[in-house]
Amino acid sequence: MIKNGVLHTSAKDGGNSKRRKLDEGSAQSSSSQVGVIGEDEAIGRPPGVKAAKATAKRSARKAAGLGNEESEKLLLECKKMWVIKQQDLAMREKLSKNKLLDSLLAKSEPLSDIEITLKNKLITDMLSNG
Numbered sequence: 001m002i003k004n005g006v007l008h009t010s011a012k013d014g015g016n017s018k019r020r021k022l023d024e025g026s027a028q029s030s031s032s033q034v035g036v037i038g039e040d041e042a043i044g045r046p047p048g049v050k051a052a053k054a055t056a057k058r059s060a061r062k063a064a065g066l067g068n069e070e071s072e073k074l075l076l077e078c079k080k081m082w083v084i085k086q087q088d089l090a091m092r093e094k095l096s097k098n099k100l101l102d103s104l105l106a107k108s109e110p111l112s113d114i115e116i117t118l119k120n121k122l123i124t125d126m127l128s129n130g
């Protein structure tokens with residue numbers, strides 16, 4: 001209810017009434033005003049909200065079955081996968097170099113200076129790595 005430019009609201013459970021001044025000549029509620037919305041965002045969280053959220057996340061993680069042992073198992077599995085991926089990449093690189101060397105050796109026409117240098121380097125790398 002609006003009386004004399006002041007918005008009066010009362011709680012249904014008999015609590016204290018709240019008063020909010022309106023702009024002169026304006027009958028809009030404060031939620032529809034642009035300036036008031038920005039003020040609410042500038043206020044920030046009360047202390048303890050972050051701690052409460054972290055506790056809720058921890059309890060949700062435990063409820064999902066991701067305890068310390070499970071997370072360690074997942075970490076170990078990820079490390080194993082990483083090692084396998086690195087080995088796979090090394091084998092692919094070696095295979096690529098072998099294919100390039102095969103194509104250089106299979107050429108019937110004379111090789112350029114760059115191709116000869118590359119061929120010698122690939123042969124040296126292959127013999128040194130075994």
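Quick note: the sequence shown, position 51, residue 51 per UniProt numbering, numbers continuous.
Note that the Cβ used here is the ideal one computed from N, Cα and C, for glycine as well.
Next item on the list: Could you say which of LYS121, ALA51 and SER71 lies nearest to LEU101 if we only look at CA atoms?
Entry: To locate residue 101, count along the sequence shown from 1; it is residue 101. Nearest C-alpha to LEU101: LYS121.
Note to self: Only counting the same chain, and skipping five residues up and downstream in sequence, which positions put a Cβ closer than 8 Å to that of LEU105?
What the structure shows: Position 105 of the sequence shown, counting from 1, holds the residue named residue 105. Cβ within range, chain order: LYS119.
Notebook entry, point to check: So SER112 is in the alpha helix (DSSP H); what residue range does that whole segment cover?
Noted result: Your numbering for residue 112 matches position 112 in the sequence shown. SER112 -> no alpha helix (DSSP H), and no H or E assigned at all.
Check: Does the distance from the C-beta atom of LYS99 to that of MET126 stay below 9 Å?
Finding: As a position in the sequence shown, residue 99 is number 99, starting the count at 1. As a position in the sequence shown, residue 126 is number 126, starting the count at 1. Result no, Cβ atoms of LYS99 and MET126 do not sit closer than 9 Å.
Check: How would you write the range of the alpha helix (DSSP H) that LYS99 sits in, first residue to last?
Finding: Here residue 99 refers to the residue found at position 99 when the sequence shown is read from its first residue. Run containing LYS99: 68-106, per the alpha helix (DSSP H) assignment.
Check: Nearest-angstrom Cα distance between LEU95 and GLU72?
Finding: On the sequence shown, position 95 is the one that residue 95 refers to. On the sequence shown, position 72 is the one that residue 72 refers to. Taking the straight line from one Cα to the other gives about 35 Å.
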